[in-house]
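Take a look at the structure below.
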Amino acid sequence: MAPPVRPRFRAEGRAALEAELVLAGRGWVGRRLQPLELGFDGDGRICAVGRNVRGARRHDVGDRVLLPAATDVHVHLREPGPPEAGETIATGTVAAAVGGVGLVGEMPNTVPPTDSVDRLEEKEARVRGRAGVDVLLYAFPAEPRSVPSLARRAGGFKLYLSPTTGIETVPSGPKLAALLDALGQVDLPVVAHAEDPGLFPTGIAPTDATGWDQLRPAEAEAAAVARLLRAPERLRLHVAHVTVAAVARAIRERRLSFEATAHHLLLAASPGRDARFKVNPPLRSEAERAGLWEEFRRGRVPIVASDHAPHPRAAKELRFDLAPSGVPGVETTLPLLLAKVAAGELALPVLLQSACDRPARLLGQPLGRLSVGHRANVLVVDFRAVVRLRSDRLRSSCGWTPFEGSEVVFPVEHWKDGERIVEGGEYVGRPTGRVVRPEFAPGVVRPTPEDGA
Ligand code: NCD
Ligand code: ZN
Ligand code: ZN
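All the letters of the sequence shown, read from the start, carry residue numbers 866 to 1318 under the working numbering.
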């Protein structure tokens, strides 16, 4: 029997007296779960954190756990795009809300790509009144000279160094150098898809995930990252979907940011895995997957992101060579990792830093911690509520998941700006999602050691 817990902290600030709403539950405080109360003010911010917070209304979730909502820096919502693309800003952001994600970074490889100020404005208009969570829009820098004007409107940039969904030609040589120079002049995060197509072998006709791994090997990823690490110092580089520990280490040594996805952390390229497991960069061998997970478990992966690529189920049931690359995940990444916490395989602070705190800092948002002044974007989680993932219950319109049957813990509640948008695991929100841009310089994202809370 644990001894009674004595509070080692007090409600912060005068605003503690003025909370509109108090959420009472447990939270991660002082290296363990303890009773915790959060006060929300009338502007949808956290105004008090502690015990005995007073407020006009009180919502007690018992011994369930209060966590900051997650930020997913890598999501494809497919708008604008052909109707057969399936996902929309409306469906994808509701999926995010149910999966505990309160802000998504939306990628520009849409049809047409988000490569001009007009197209950014058009995408902003699509978000307004239709998004369940907030959206940051990345721009696609087709030409170095387009960078300054795009930077005044976009939330970040996405740079593709190899062909992938919707991307056929990629910059190299002097054009790439000029782009990196231009991107180094602006104060926005630059997310890079790092594979060097010059190192993709010829004469391979993949029929399963192992063949895809041979066609786009880890050496191609390492070479593209090495090129990016020679970019100007000022570039706010974030490498997307790193798949192997050696590449993770190379980026970390330079104190730059990168992400790993749930699929590269949890799934390997076993023989016979069909096109549902076809993704860029590819799933790797079981040994490489385990190595990446070990980096993550030790708190050495700064950010976890989904690379949500909601290709329709029918497209992913095509023959391997004909099917598109990419897997959905905005709705399942946090629930899969919360289940790893419930199973004792992952420390909660490691997850909170990589899924909530650091991604919000990369995107310059006052989010991701249960701190005074942060937005009241909060999840309520019951770690006993472990269930098996079923694709027919998912809100993403793609209708499938590569994690069918895996253990997951979905948030019971999700609060956005002090309003409940998920209740009993169901979306009950309104389309109040906004377009956001970095509110402060993202700075360098540094991983911290294993158990630092
Ligand atoms: C992504 C998509 O479908 O948009 N596909 C993928 O295989 N990861 C694009 C990308 O992130 O490369
Ligand atoms: Zn990519
Ligand atoms: Zn992507």
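From the three backbone atoms N, C-alpha and C, an ideal C-beta is built for every residue, glycine too. Owing to the predicted nature of the structure, the values given are computational and were not obtained by experimental measurement.
Between L1254 and G964, what straight-line distance do the alpha-carbon atoms span, to the nearest angstrom?
On the sequence shown, residue 1254 is found 389 positions in, with the first residue counted as 1. On the sequence shown, residue 964 is found 99 positions in, with the first residue counted as 1. About 12 Å.
Using the three-state DSSP reduction, which class does A1057 fall into: helix, strand or coil?
Counted from its first residue, the sequence shown places residue 1057 at position 192. A1057: strand per DSSP, three-state reduction.
Contact between the region 944-954 and the region 988-996 (3+ Cβ pairs under 8 Å):
yes
Can you give me the C-alpha to C-alpha distance between P1263 and E1196, rounded to a whole angstrom?
Counting from one through the sequence shown, the residue named residue 1263 turns up at place 398. Counting from one through the sequence shown, the residue named residue 1196 turns up at place 331. Contrary to the premise, residue 1263 reads as Cys rather than Pro in this sequence. Spanning the two alpha carbons is a distance of roughly 11 Å.
Closer than 8 Å: T1029 CB and nearest ligand 2 heavy atom
Counting from one through the sequence shown, the residue named residue 1029 turns up at place 164. True, at least one ligand heavy atom lies under 8 Å from that Cβ.
Let me check you understand the geometry: is the CB of S1261 closer than 8 Å to at least one non-hydrogen atom of ligand 1?
Taking the sequence shown and counting its residues from 1, the one referred to as residue 1261 is at position 396. Checking every heavy atom of ligand 1 against the Cβ of S1261, none is found closer than 8 Å.
DSSP on A1208, reduced to helix/strand/coil?
As a first step, residue 1208 is located in the sequence shown; it is residue number 343 there, counting from the start. Coil at A1208, not helix or strand.
Inter-residue spacing [alpha-carbon to alpha-carbon] between A1212 and L1199
The residue you call residue 1212 lines up with position 347 of the sequence shown. The residue you call residue 1199 lines up with position 334 of the sequence shown. Spanning the two alpha carbons is a distance of roughly 13 Å.
Got a sec: is the Cβ-Cβ distance from Q1230 to anything in chain B below 9 Å?
Among the chains in the structure shown there is no chain B, since it carries only a single protein chain.
Quick one: residues in its chain with C-beta nearer than 7 Å to the C-beta of P1303, no 5 flanking neighbours on either side, listed in chain order?
Within the sequence shown, residue 1303 is the residue found at index 438, counting from 1. These residues qualify, in order along the chain: G1020, L1053, L1228 and G1229.
Do A1204 and V1273 have their CB atoms nearer than 9 Å?
In the sequence shown, residue 1204 corresponds to position 339, counting from 1. In the sequence shown, residue 1273 corresponds to position 408, counting from 1. It is a contact, given that the beta carbons lie within the stated cut-off.
Grab the span of the alpha helix (DSSP H) containing H1129 for me, first residue to last.
As a position in the sequence shown, residue 1129 is number 264, starting the count at 1. Its alpha helix (DSSP H) spans residues A1127 to L1131.
Is it the case that the CB of Y1292 approaches a heavy atom of ligand 2 more closely than 8 Å?
By one-based count along the sequence shown, residue 1292 stands at place 427. No, since every heavy atom of ligand 2 falls outside the 8 Å radius drawn around the Cβ of Y1292.
Cβ neighbour criterion (16 or more within 10 Å) applied to N917
For the purposes of this step, residue 917 is taken as residue 52 along the sequence shown, with counting starting at 1. Classification for N917: exposed.
Taking one C-beta from the region 1238-1253 and one from the region 1177-1186 each time, how about it: are there three or more such pairs within less than 8 Å?
no
Does the Cβ-Cβ distance between A1133 and E1153 come in under 9 Å?
Within the sequence shown, residue 1133 is the residue found at index 268, counting from 1. Within the sequence shown, residue 1153 is the residue found at index 288, counting from 1. Contact flag set, yes.
What are the complete beta strand (DSSP E) segments, minimum 3 residues, inside the region 885-973?
897-905, 911-915, 920-933, 935-940 and 966-971
Taking 8 Å as the cut-off, does the CB of H1129 come closer than this to any heavy atom belonging to ligand 3?
Working through the sequence shown from its first residue, we reach residue 1129 at position 264. No.
Cβ-heavy atom distance, P1189 to ligand 1, below 8 Å:
Taking the sequence shown and counting its residues from 1, one reaches residue 1189 at position 324. Result yes, Cβ under 8 Å from ligand 1.
Taking 8 Å as the cut-off, is the beta-carbon of N917 closer than that to any non-hydrogen atom of ligand 1?
On the sequence shown, residue 917 is found 52 positions in, with the first residue counted as 1. Checking every heavy atom of ligand 1 against the Cβ of N917, none is found closer than 8 Å.
Quick check: the region 892-900 against the region 915-934, are at least 3 beta-carbon pairs closer than 8 Å?
yes
Going by DSSP, what residue range makes up the beta strand (DSSP E) through I1168?
Numbered from 1 along the sequence shown, position 303 holds the residue referred to as residue 1168. Counting along the chain, the beta strand (DSSP E) containing I1168 begins and ends at I1168 to A1170.
Looking only at C-alpha atoms, which of D980, S1014 and L1015 sits nearest to A1007?
Working through the sequence shown from its first residue, we reach residue 1007 at position 142. A1007 has its Cα closest to that of D980, out of D980, S1014 and L1015.
Using the C-alpha atoms, what's the distance from P1066 back to R1226?
Counting from one through the sequence shown, the residue named residue 1226 turns up at place 361. Counting from one through the sequence shown, the residue named residue 1066 turns up at place 201. Cα to Cα, R1226 sits roughly 38 Å from P1066.
P1343 classed as buried or exposed, judged by whether at least 16 other C-beta atoms fall within 10 angstroms
A question about residue 1343 goes unanswered here, because the residues of the chain that appear run from 866 up to 1318.
Identify whether K1143 lies in helix, strand or coil by the three-state DSSP scheme.
To locate residue 1143, count along the sequence shown from 1; it is residue 278. DSSP places K1143 in coil when its eight states are reduced to three.
Compute the beta-carbon to beta-carbon distance between A1103 and V1166, rounded to the nearest angstrom, for a pair I have assumed lies under 8 Å.
In the sequence shown, counting from the first residue as 1, residue 1103 sits at position 238. In the sequence shown, counting from the first residue as 1, residue 1166 sits at position 301. The question names Ala, but residue 1103 in the sequence shown is His. Not confirmed; about 12 Å, so no contact.
Between G957 and P1175, is the Cβ-Cβ spacing less than 9 Å?
As a working note, residue 957 is residue 92 in the sequence shown. As a working note, residue 1175 is residue 310 in the sequence shown. The answer is yes: Cβ separation under 9 Å.
Check: D1073 C-beta below 8 Å from any heavy atom of ligand 4:
Absent from the structure shown: ligand 4. Ligands present: ligand 1, ligand 2 and ligand 3.
Quick one: give me the first and last residue of the beta strand (DSSP E) that D999 is part of.
Position 134 of the sequence shown, counted from the first residue, corresponds to residue 999. Taken as a continuous stretch (DSSP letters only), the beta strand (DSSP E) holding D999 covers D999 to A1004.
For a test of your reading of the model: does the CB of V1144 fall under 8 Å from any non-hydrogen atom of ligand 1? Yes or no.
In the sequence shown, the residue the question calls residue 1144 occupies position 279. Yes - ligand 1 has a heavy atom lying nearer than 8 Å to the Cβ of V1144.
Give me the residue from D999, V1000, V1051 and T1029 with the minimum Cα distance to P1009.
For the purposes of this step, residue 1009 is taken as the residue at position 144 of the sequence shown. Here the closest residue by C-alpha is V1051.
If you draw a straight line from the alpha carbon of G1191 to that of R919, how long is it in whole angstroms?
Counting from one through the sequence shown, the residue named residue 1191 turns up at place 326. Counting from one through the sequence shown, the residue named residue 919 turns up at place 54. For G1191 and R919, the distance between alpha carbons rounds to 47 Å.
Pull up the CB-CB distance for L1244 and L1201, whole angstroms please, since I reckon it's below 8 Å.
Translated into the one-based positions of the sequence shown, residue 1244 becomes position 379. Translated into the one-based positions of the sequence shown, residue 1201 becomes position 336. Wrong, their Cβ atoms sit about 15 Å apart, outside the cutoff.
Cβ shell of A1127 (< 6 Å), same chain only, five flanking positions each side left out:
Within the sequence shown, residue 1127 is the residue found at index 262, counting from 1. If we look at A1127 and ignore the five residues flanking it on each side, its Cβ neighbours are G1194, T1198 and L1201.
Cβ contact check for the region 1285-1304 and the region 1015-1030: 3 or more pairs under 8 Å:
yes
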